[in-house]
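Here the protein sequences line up with chains E and X, keeping their order. If you read the first sequence in the working numbering, its first letter stands for residue 134, the second for the next number, and so on. If you read the second sequence in the working numbering, its first letter stands for residue 1038, the second for the next number, and so on. Ideal placement from N, C-alpha and C gives every residue a C-beta, glycine not left out. Below is one structure; the comments refer to it alone.
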Amino acid sequence: MSEVTRRNFLNNLAVGAAAAATVAPVTYFAGPRPAHAAIKVKGVVPDKPFKTGHITFLTGPANLLGEPGRKGHLLAAEEINAEGGFLGKRKIETIMADEAAGTDANVKELRRMKLSEKIDLFTGVISSGNTPALGPVAEELGLLTMFNDGCTDFLFDKAVPNPKYVFRVTNIQSADGVTSAVGAAKAWPNAKRVASIQPDYSYGRNVHEHFMLAYQKLVPGATSVSEAWPKLGTTDFTPHITKLISDTPDVLICGVWGGDYVAFYKQALRYGLFDKMKVATTLAFGGQPHAIGKDHPEGVLAGVHANYFFLHPAKGRWPTNDGFVERYYKRWSEYPSFESDGAYASLYLLKAAIEKANLLVGGWPEDEVIIAMLEGMGMDTPAGYLYIRPDNHQGYKDAVIGMTKNNPAYPFPVWDPNSIITIPIRDITAPPNWPKPGTTHNESTAAANWLKTTWLT
Amino acid sequence: MTGTIFVIQLLNALFYAAVLFLIAAGLSLIYGVMRIVNLAHGSLYALGAYVTAWAVGGAVGAAVAGTLGQIGLFLLLPIGAIAVGVLGAVIEPTLLRPLYRRSEEYHLLITFGLLMIIEDMLKLIFGGTPLTASNIMDGLGSISVGALPYPTYNLLVIAIGVAAAVGLWWFVYRTKFGVILRAISQDRRMAAALGINVGRVYVQAFAIGCFITGLGGAIVVPAQAAVLGMGVEWLIVAFVVVVIGGLGSLEGALVGALIVGIAHVAGIQFFAEIELAVLYLIATVVLMVRPTGLFGRA
């Protein structure tokens, strides 16, 4: 009668092995560990609090992404603290600051957090405009950093080409455009006239470029017929929408996100845009799930940027996700987003690295040992299997995208389970040590060069 | 198709200009009468949007729609404007009055502080998720322009913008209160010496300026959404309007809003890449040719 889930299978294994050997073997996944599987800490660990600095959007339209990130971080911290903290001793204390203060203010705040608050870890950050400024400063300060987002390729291509202290858990940005291109080409193989509406900064440029690169290989003869570049924080999209309609495209690629996307889809709906063209997005399901109303049209390719939507992997298929969604809903009375998953997984990755390092060296491990453990680490997270590549400190997990559909069980649209596609991440990202921009090529990203020279050729 | 697109883009421009005029007119009225550059003006606009969205889109709206139907929702629409007007009547005597004798830097500091406070209060009260009032808009349906739908509600917003322009003109140039306003604006001491209660007129003028801006937020929210940060976005464009039209001038706000509305839409349709630059280019040219704006006084 008892269903064999992956977790209790693993736990049973652990119990059996513990009986056989005197050293308790340890399993690592993003979530609280059952009491009987508690780790045995080597050496003496001080009970000094583990101070964490977290910068994310606490205000502005991007708060739609910042808020779930903050909640994911806090949930993980509370769970880890309930076990006594890292190694059962060091409880996590988090100080927050608002990313909306702007790049310069964020850099100053990072320095202040390190120099006067003496933080042990820096985390958070949503905007790709900010990580390239914060990354080099974190390296200079020698501050262990786990960015949750801010996923521009530029960070590890150019700004911090040889990272030591800086990691990024979620997604590499070029994969956004490529994932949507694969989804769109699969759904609408004859859509040759492409329009694009993107926020007018690095993210939008990146999505546009990589979508077109991939899409033109997947749909031969596809051309770009219309471009709209609303600035971030736009509330009136009607002139952009009318322009897009006037150019009669077959398919629209939309990288507009956060509160901007909510305003966009509502206006597009009333201007009949969704009747005139197919729509593919990179971030329609990127904010809190309940931010999108039931009036959102069905059959829109809804991207989730860092490859997590709470209904996938489906209930009963991946216990790490089942437990996470349940605990998150219990704590915050809402469903998690990819930012929640990223922030949550970050702390558990670090926890696993600290525990492994402790097994090796005993006591509280130096940052260098923790970093050595993080490099190449793989772990089960709510979204699936996450792997930190040692060459660029970037987290990789398979890309997912699906079509919108209304389901009476939820007060917001969700993915149609039959439409979800999973793309192995190695098929859409440049492999380790692929030449970076400015070395053997001058493309905007290593991924662009890899796509152009090798992809589907 | 080209004709259809032209008509719709023209309507888009008028819609944008109507909302922008309400914000810029409030800004100009307040500056014209009491010489205060109100940096919190955009946030007051956002407050109007949030209050209306909360009332119309939430439980209150559902209850009113249940008893009075669509008409009930329209009666509820101005609630955001009223709330902002009332807040204005509180802000002026408490926060601004002590500052009139001080230099302009103090005005900027206190209204900027107010901006931050209102932005945070909005998040604290209404949360980070966008609020909508689309039930009003959907109730009105849409008309056909050529082969394309155009929301009827947007026409109503344009009509409200026109009515507000006519109403304000009549109010300032054809009523006794308007004469008093203009007198104070020209020479405050002389007006006071003639027995006008300047303090009371200031409260009224500030509340009216806030009401107009709140009305902009209230009527825009069924068509868009109340989102955090919306105030700052519109504040910047409203400043472009008053730079072009002349700070303190109602005619300037109207003409400036029309110029910005049309340039904004034309920029998006014809040169999407540099649309933002077009607005600031116009403002720059106006500043070089007429530093006080088209209708401004030195």
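So, helix, strand or coil for residue i, using DSSP?
i: E:Val174; result: coil
i: X:Gln1046; result: helix
i: X:Thr1212; result: coil
i: E:Phe545; result: coil
i: X:Ile1162; result: helix
i: X:Met1325; result: helix
i: E:Glu226; result: strand
i: E:Lys411; result: strand
i: E:His574; result: strand
i: E:Phe162; result: strand
i: E:Phe183; result: strand
i: E:Asp513; result: strand
i: X:Phe1308; result: coil
i: E:Phe280; result: strand
i: E:Val352; result: coil
i: X:Gly1079; result: helix
i: E:Gly528; result: strand
i: X:Ser1181; result: strand
i: X:Tyr1053; result: helix
i: E:Leu519; result: strand
i: X:Leu1168; result: strand
i: X:Tyr1150; result: According to the sequence shown, residue 1150 of chain X is Gly rather than Tyr. Of the three classes helix, strand and coil, the one that applies to X:Gly1150 here is helix, per DSSP.
i: E:Met345; result: helix
i: E:Pro550; result: helix
i: E:Ser379; result: helix
From what residue to what residue does the alpha helix (DSSP H) around residue i run?
i: E:Thr264; result: 264-274
i: E:Glu501; result: 500-507
i: X:Val1074; result: No alpha helix (DSSP H) contains X:Val1074, which DSSP labels as neither H nor E.
i: X:Leu1128; result: It is worth fixing the name first, because residue 1128 of chain X is Ile in this sequence and not Leu. 1116-1128 is the span of the alpha helix (DSSP H), which, as asked, contains X:Ile1128.
i: X:Val1101; result: 1096-1105
i: E:Val395; result: 392-403
i: E:Glu242; result: 236-248
i: X:Ala1132; result: Reading the sequence as shown, one finds Leu at residue 1132 of chain X and not Ala. Looking at the DSSP string, X:Leu1132 is not in any alpha helix (DSSP H), and its letter there is neither H nor E.
i: X:Leu1331; result: Here X:Leu1331 belongs to no alpha helix (DSSP H), and DSSP marks it neither H nor E.
i: E:Trp583; result: 579-587
Count the other CB atoms within 10 Å of the CB of residue i; is the residue buried (16 or more) or exposed (fewer)?
i: E:Arg559; result: exposed
i: X:Ser1065; result: buried
i: X:Leu1318; result: exposed
i: X:Leu1105; result: exposed
i: E:Gly392; result: buried
i: E:Ala478; result: buried
i: X:Tyr1210; result: exposed
i: E:Arg203; result: buried
i: E:Arg223; result: buried
i: E:Tyr529; result: buried
i: X:Met980; result: Past the boundaries of the shown model lies residue 980 of chain X; chain X is included only from 1038 to 1335, so the question cannot be answered.
i: E:Val156; result: At E:Val156, the pLDDT of 43 sits below 50, so the modelled position is not reliable and the matter cannot be decided from this model.
i: E:Ser135; result: The pLDDT assigned to E:Ser135 is 42, lower than 50, so where the model puts this residue is not dependable, and the model offers no usable value.
i: X:Gln1046; result: buried
Between which two residues does the beta strand (DSSP E) carrying residue i extend?
i: E:Ile556; result: 554-556
i: E:Phe255; result: 254-257
i: E:Phe538; result: For clarity, residue 538 of chain E is Lys in the given sequence; the question names Phe instead. Taken as a continuous stretch (DSSP letters only), the beta strand (DSSP E) holding E:Lys538 covers 532-538.
i: X:Tyr1187; result: 1185-1188
i: E:Val358; result: 356-361
i: X:Ser1171; result: Per DSSP, X:Ser1171 belongs to no beta strand (DSSP E); it is in the alpha helix (DSSP H), 1171-1177.
i: E:Val437; result: Taken as a continuous stretch (DSSP letters only), E:Val437 belongs to no beta strand (DSSP E), as it is neither H nor E.
i: E:Val389; result: Per DSSP, E:Val389 belongs to no beta strand (DSSP E) and is neither H nor E.
Examine the ligand SAM and report whether any of its heavy atoms sits within less than 8 angstroms of the Cβ of residue i.
i: X:Asp1175; result: The model depicted lacks the ligand SAM and carries no ligand whatsoever.
Query - chain X contacts from the region 411-435 of chain E (Cβ-Cβ distance under 9 angstroms) - result: Gly420, Gln421, His423, Ala424, Gly426, Asp428
Report task. Anything in the region 341-373 of chain E with a Cβ closer than 9 angstroms to a Cβ of chain X? List those residues in chain order, please. Result -> Ser359, Glu360, Ala361, Trp362, Pro363, Lys364, Gly366, Thr367, Thr368, Asp369, Phe370, Thr371, Pro372, His373
Query raised in the report: Which residues, taken in chain order from the region 1160-1176 of chain X, show a beta carbon closer than 9 angstroms to some beta carbon of chain E?
Result: Lys1160, Gly1164, Gly1165, Thr1166, Pro1167, Thr1169, Ser1171, Met1174, Asp1175
**Report entry** chain X contacts from the region 193-214 of chain E (Cβ-Cβ distance under 7 angstroms)
**Finding:** Gly193, Pro194, Asn196, Leu197, Glu200
Report task. Quick one: which unbroken alpha helix (DSSP H) runs of 4-plus residues sit fully inside the region 446-482 of chain E? Chain order, please. Result -> 452-465
**Report entry** Members of the region 1090-1116 of chain X near chain E, C-beta cut-off 9 angstroms
**Finding:** none
Report task. For the region 291-335 of chain E, list the alpha helix (DSSP H) runs that are entirely contained and at least 4 residues long, ordered along the chain. Result -> 307-320
Query raised in the report: Could you give the uninterrupted runs of the beta strand (DSSP E) lying entirely in the region 188-234 of chain E, keeping only those of 3 residues or more?
Result: 225-231
Query raised in the report: Mind pulling the alpha helix (DSSP H) runs of 4 or more residues that sit fully within the region 1197-1272 of chain X?
Result: 1213-1223, 1225-1230, 1235-1257
Query raised in the report: For the region 1286-1308 of chain X, which residues have a beta carbon sitting closer than 8 angstroms to at least one beta carbon of chain E?
Result: His1301, Val1302, Ile1305, Gln1306
Report task. With 9 angstroms as the limit, tell me which residues of the region 1207-1222 of chain X have their beta carbon closer than that to any beta carbon of chain E; keep them in chain order. Result -> none
Requested in this report: Give, in chain order, every residue of the region 1061-1081 of chain X whose Cβ lies closer than 7 angstroms to some Cβ of chain E.
Outcome: none
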